[in-house]
Amino acid sequence: MADLKVQDEKVDNQEVWRIIERALNFEVSGSSTVEKSYNAFRLLQTRRRTVAPLDVNLAAAEHYMYMRFLAGKTGDPLLMAAPTGYALKKTIYFALGKEKEMRTTPNNPVLPPSVESTVWGSLGVSDGLKDYRGSNAATGMKPGAGIQVLKDEAYRNNKN
Numbered sequence: 019m020a021d022l023k024v025q026d027e028k029v030d031n032q033e034v035w036r037i038i039e040r041a042l043n044f045e046v047s048g049s050s051t052v053e054k055s056y057n058a059f060r061l062l063q064t065r066r067r068t069v070a071p072l073d074v075n076l077a078a079a080e081h082y083m084y085m086r087f088l089a090g091k092t093g094d095p096l097l098m099a100a101p102t103g104y105a106l107k108k109t110i111y112f113a114l115g116k117e118k119e120m121r122t123t124p125n126n127p128v129l130p131p132s133v134e135s136t137v138w139g140s141l142g143v144s145d146g147l148k149d150y151r152g153s154n155a156a157t158g159m160k161p162g163a164g165i166q167v168l169k170d171e172a173y174r175n176n177k178n
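Everything in the sequence shown is counted per our numbering, starting at 19 for the first residue and increasing by one.
Written as structure tokens, this is what we have:
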């Protein structure tokens with residue numbers, strides 16, 4: 019299958035919020051905010067992989083939900099650096115013409131790095147840390163707890 023063309027679109031923040039709110043409030047269930055965040059992430063990830071791989075709003079919402087879930091589950095404040103680190107990695111791969119190596123779905127393109135998706139990922143971390151504090155009031159933050167997950171994902175997705 020030939021590569022799909024990546025459209026040069028800007029993220030519509032209102033649309034991203036609509037996607038997030040609809041997923042969290044109407045499309046998934048869960049006994050906690052973290053569980054709902056995880057289920058919403060998986061829902062958006064599946065939708066992006068199968069229905070709308072080029073939708074920049076859906077991509078931003080997926081980035082938000084993944085980071086919200088991960089920060090909410092682990093309580094790792096170091097995750098604040100993850101969206102920027104991911105954008106840097108993506109920028110380097112695109113500059114080297116190796117963006118296909120970042121694919122998580124073989125026939126779908128990797129969208130170019132964007133400031134908007136990075137901001138949405140960072141907002142997800144911030145909201146996830148609030149979720150963590152809300153459900154773990156007696157437990158402090160856990161620096162480094164989320165980094166292993168990101169490392170494992172990076173290795174799993176870049177076996178070439």
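A virtual CB, placed ideally from N, CA and C, is assigned to each residue, including glycine.
From a predicted model like this one, the values you see are computed outputs, not experimental measurements.
The beta carbon of residue 117 is closer than 7 Å to those of 111 and 128 in its chain, skipping five residues each way along the sequence. CA-CA distance, residue 43 to residue 35, rounds to 12 Å. The alpha-carbon separation between residue 160 and residue 92 amounts to approximately 7 Å. With 16 or more other Cβ atoms from the protein chains shown falling within 10 Å of its own Cβ, residue 90 counts as buried. Cβ contact annotation for residue 62 (same chain, cutoff 8 Å, sequence separation greater than five): 37, 41, 76, 79, 80 and 83, in chain order.
Residue 108 is positioned such that its CB atom lies closer than 8 Å to that of residue 120. Membership of residue 51 in the alpha helix (DSSP H) is indicated by the continuous run 51-68. Distance from residue 96 to residue 162 at the Cβ level is roughly 6 Å; contact confirmed, criterion being Cβ atoms closer than 8 Å.
Straight across, the Cα-Cα distance linking residue 126 with residue 157 is about 40 Å.
Under the DSSP assignment, residue 103 falls in the alpha helix (DSSP H) whose first and last residues are 100-113. Beyond the five residues adjoining it in sequence on each side, residue 33 comes within less than 6 Å, by CB distance, of 75 in the same chain, given in chain order. By the CB criterion at 8 Å, residue 164 and residue 86 fall outside the cutoff. When DSSP states are grouped into helix, strand and coil, residue 135 belongs to the helix group.
When only Cα atoms are considered, residue 29 and residue 135 end up about 8 Å apart.
Around the beta carbon of residue 115, a 10 Å sphere encloses fewer than 16 other beta carbons of the protein chains shown; the residue is thus reported as exposed. In this structure, residue 52 places its C-beta atom within 8 Å of the C-beta atom of residue 149.
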